[in-house]
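Peer 1: Quick one: this structure, given as structure tokens, is what I'll be asking you about.
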DNA sequence: ATTAACTGTTTACCTATGTAACAAACTCGA
DNA sequence: TCGAGTTTGTTACATAGGTAAACAGTTAAT
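Chains as they are written, first to last, in full-length UniProt numbering: chain A, 1 to 157; chain B, 1 to 157.
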């Protein structure tokens, strides 16, 4: 019995699955690094990643509704309220009444919001350029394509 | 309603968002997909990703200390207490007194812990095999290498 | 012999999410 | 046109995962 246990230990060590070979583990560690660097790059009073995403989509698609925005971001409507509150509080967008549907309030970026977006996207690009500076253009393109492939697999349906 | 949705999608897809070209955004979305599928694959009473990681490292490095484990996992010592509590509560490991240093309690996997690890790693591999089934072996190897490259950049300090 | 450093732990907090309920507003078939 | 069903924004609550600070006990350094 004890011998069996020792035997098992040896077997398991030999064929022990490495965390290092798992996509999930590597994806998480990599995500944390990028996320932390993002935060650091945007500073104390900078936008958080999710608020930045919401601002980006609002600038890109003016008059988008909160439900549509939530759907695009892959989060719940309820979670978006605080995000939009923050952007409205910073004077980056307005909730505007829509005459044809009084339930919705279209999100309209302000000039201030567009300016902050431009500043922030520049900072984000600089942060990514720096963080990924030891990858070739080809590697970057490949990485992006493979990440999108995961997304396609998971976001279909 | 279906008509409206189609109209909206067509409008929004005319031009791709800045976000789609960012590593951070794609990394986050991809991570969420893999994470959710992991959870789903391991079921209601399955191990969470972080508990699984801790178990994996404990099985691989018996007699590891909590501080060392926390360092390996990239989290704080304080955060590890609940994780080790859970594994101890499930009978997967024991905190064992070390005579040469009475501060530390070495983490020793039990037979039960090793067995659960084997079962779980098999389920995790099956989940990843399924989720990444539309990637070639070459693509998988490349993706893993690129994620490790991000980690190397970020974890050097 | 002190002083500094480390270990595991508790406690308090924070961030980012999800779930459930809700009233108001809208849609659509009978 | 009525009523059932659905959608929207919102709130309140729950949860998961993590940090930061303090702590007593222990060890190491000089």
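Glycine is no exception: its CB is placed at the ideal position from the N, C-alpha and C atoms. Fair warning: this is a prediction, and the values are worked out from it, not measured in the lab.
Kindly indicate the opening and closing residues of the alpha helix (DSSP H) around residue 56 of chain A.
Peer 2: For the purposes of this step, residue 56 of chain A is taken as residue 56 along the first chain, with counting starting at 1. It spans 49-60 - the alpha helix (DSSP H) in which residue 56 of chain A sits, taken as one unbroken run.
Peer 1: Can you tell which of A/35, A/55 and A/80 has the C-alpha that lies nearest to the C-alpha of residue 90 of chain A?
Peer 2: Working through the first chain from its first residue, we reach residue 90 of chain A at position 90. Among A/35, A/55 and A/80, the Cα nearest to that of residue 90 of chain A belongs to A/55.
Peer 1: Between residue 154 of chain B and residue 150 of chain A, is the Cβ-Cβ spacing less than 8 angstroms?
Peer 2: As a working note, residue 154 of chain B is residue 154 in the second chain. As a working note, residue 150 of chain A is residue 150 in the first chain. No; because the gap between Cβ atoms is not below 8 angstroms, this pair is not in contact.
Peer 1: Do you know offhand how far residue 107 of chain B's Cα is from residue 109 of chain A's?
Peer 2: On the second chain, position 107 is the one that residue 107 of chain B refers to. On the first chain, position 109 is the one that residue 109 of chain A refers to. Straight-line Cα distance between these residues: approximately 54 angstroms.
Peer 1: Does any CB atom of chain B fall closer than 8 angstroms to the CB of residue 63 of chain A?
Peer 2: Here residue 63 of chain A is taken as the residue at index 63 of the first chain, counted from 1. Not an interface residue.
Peer 1: Can you list, in chain order, the residues of its chain whose CB lies under 6 angstroms from that of residue 78 of chain B, leaving out five sequence neighbours each side?
Peer 2: Looking up residue 78 of chain B in the second chain gives position 78. Answer for residue 78 of chain B: no residue qualifies.
Peer 1: Quick one: does residue 83 of chain B have its CB under 8 angstroms from some CB of chain A?
Peer 2: Working through the second chain from its first residue, we reach residue 83 of chain B at position 83. Taking Cβ atoms only, chain A never reaches closer than 8 angstroms to residue 83 of chain B, which makes this a no.
Peer 1: Between residue 59 of chain B and residue 114 of chain B, is the Cβ-Cβ spacing less than 8 angstroms?
Peer 2: Counting from one through the second chain, the residue named residue 59 of chain B turns up at place 59. Counting from one through the second chain, the residue named residue 114 of chain B turns up at place 114. Closer than 8 angstroms, so yes.
Peer 1: In chain order, what residues of the same chain lie with their CB nearer than 8 angstroms to the CB of residue 70 of chain A, ignoring the 5 residues before and after it?
Peer 2: Along the first chain, read from residue 1 onward, the residue named residue 70 of chain A stands at position 70. Answer for residue 70 of chain A: 76, 77, 79 and 80, listed in chain order.
Peer 1: Residue 142 of chain B touches chain A at which residues, Cβ-Cβ below 9 angstroms?
Peer 2: In the second chain, residue 142 of chain B corresponds to position 142, counting from 1. Those within 9 angstroms of residue 142 of chain B in chain A are 139, 142, 143 and 146.
Peer 1: Taking only beta-carbon positions, decide if residue 131 of chain B is within less than 8 angstroms of chain A.
Peer 2: Counting from 1 along the second chain, the entry for residue 131 of chain B is found at position 131. Yes - at least one Cβ of chain A is within 8 angstroms of the one on residue 131 of chain B.
Peer 1: Is the beta carbon of residue 120 of chain B sitting closer than 8 angstroms to the one on residue 42 of chain B?
Peer 2: Position 120 of the second chain holds residue 120 of chain B. Position 42 of the second chain holds residue 42 of chain B. Going by C-beta atoms, residue 120 of chain B is nearer than 8 angstroms to residue 42 of chain B.
Peer 1: What's the gap between the Cα of residue 53 of chain B and the Cα of residue 132 of chain B?
Peer 2: Residue numbering aside, residue 53 of chain B sits at position 53 when the second chain is read from its first letter. Residue numbering aside, residue 132 of chain B sits at position 132 when the second chain is read from its first letter. So the alpha carbons of these two residues sit roughly 20 angstroms apart.
Peer 1: Which chain B residues are close to residue 37 of chain A, counting only those with a beta carbon under 8 angstroms from its beta carbon?
Peer 2: Sequence index remark: in the first chain, residue 37 of chain A carries index 37 (1-based). Near residue 37 of chain A (Cβ distances below 8 angstroms), the residues of chain B are 154.
Peer 1: Let me know the secondary structure DSSP gives residue 90 of chain A once reduced to three states.
Peer 2: Indexing the first chain from 1 puts residue 90 of chain A at position 90. Note: residue 90 of chain A maps to coil in three-state DSSP.
Peer 1: Going by the DSSP bridge assignment, what does residue 30 of chain B pair with across the sheet?
Peer 2: For the purposes of this step, residue 30 of chain B is taken as residue 30 along the second chain, with counting starting at 1. Residue 30 of chain B is not bridged to any residue.
Peer 1: Which residue marks the beginning of the alpha helix (DSSP H) containing residue 118 of chain B, and which one marks its end?
Peer 2: Counting from one through the second chain, the residue named residue 118 of chain B turns up at place 118. Run containing residue 118 of chain B: 111-131, per the alpha helix (DSSP H) assignment.
Peer 1: Determine the DSSP secondary structure at residue 107 of chain A, reduced to helix, strand or coil.
Peer 2: As a working mapping, residue 107 of chain A is identified with position 107 in the first chain. Of the three classes helix, strand and coil, the one that applies to residue 107 of chain A here is strand, per DSSP.
Peer 1: Kindly indicate the opening and closing residues of the alpha helix (DSSP H) around residue 135 of chain A.
Peer 2: Indexing the first chain from 1 puts residue 135 of chain A at position 135. Per DSSP, residue 135 of chain A belongs to no alpha helix (DSSP H) and is neither H nor E.
Peer 1: Who are the neighbours of residue 53 of chain A on chain B, taking C-beta pairs under 8 angstroms?
Peer 2: Reading the first chain from its first residue, position 53 is the one you call residue 53 of chain A. Within chain B, the residues near residue 53 of chain A are 19 and 25.
Peer 1: Going along chain B in order, which residues have a C-beta closer than 7 angstroms to the C-beta of residue 22 of chain A?
Peer 2: The residue given as residue 22 of chain A occupies position 22 in the first chain. Near residue 22 of chain A (Cβ distances below 7 angstroms), the residues of chain B are 124 and 128.
Peer 1: At least one CB of chain B closer than 8 angstroms to the CB of residue 134 of chain A: is that the case?
Peer 2: Taking the first residue of the first chain as 1, we reach residue 134 of chain A at position 134. So yes, residue 134 of chain A belongs to the interface.
Peer 1: Using 8 angstroms as the limit for Cβ to Cβ distance, is residue 34 of chain B near chain A?
Peer 2: The count along the second chain starts at 1 and reaches residue 34 of chain B at position 34. Cβ-Cβ to chain A under 8 angstroms: yes for residue 34 of chain B.
Peer 1: Just tell me which of A/126, A/28 and A/66 has its CA closest to the CA of residue 98 of chain A.
Peer 2: Start at 1 with the first residue of the first chain, and residue 98 of chain A comes out as number 98. Answer by Cα proximity: A/66.
Peer 1: If you follow the alpha helix (DSSP H) that residue 67 of chain A is part of, which residue opens it and which one closes it?
Peer 2: As a first step, residue 67 of chain A must be located in the first chain, where it is residue number 67. From DSSP, the alpha helix (DSSP H) with residue 67 of chain A extends over 66-73.
Peer 1: Once the 5 residues before and after residue 73 of chain B are set aside, which same chain residues still bring their CB inside 8 angstroms of it?
Peer 2: Locating residue 73 of chain B in the second chain gives position 73, where the first residue counts as 1. Once the five neighbours on either side are set aside, the close Cβ partners of residue 73 of chain B are 50, 53, 54, 57 and 80.
Peer 1: I believe residue 226 of chain A touches residue 148 of chain B by the beta-carbon criterion, under 8 angstroms. Please report the beta-carbon distance rounded to the nearest angstrom.
Peer 2: Here chain A covers residues 1 to 157 and nothing more, so residue 226 of chain A does not appear.
Peer 1: Candidates B/30, B/138, B/125 and B/112: which alpha carbon is nearest residue 19 of chain A's?
Peer 2: Along the first chain, one-based indexing puts residue 19 of chain A at 19. Of the listed residues, the one whose Cα sits closest to residue 19 of chain A is B/125.
Peer 1: Sorted by chain position, which residues of the same chain lie with C-beta nearer than 8 angstroms to residue 38 of chain A's C-beta, five sequence neighbours on each side aside?
Peer 2: Numbered from its first residue, the first chain carries residue 38 of chain A at position 38. If we look at residue 38 of chain A and ignore the five residues flanking it on each side, its Cβ neighbours are 49, 124 and 127.
Peer 1: Kindly say whether residue 74 of chain B, judged by its beta-carbon, lies nearer than 8 angstroms to any beta-carbon of chain A.
Peer 2: Residue numbering aside, residue 74 of chain B sits at position 74 when the second chain is read from its first letter. So yes, residue 74 of chain B belongs to the interface.
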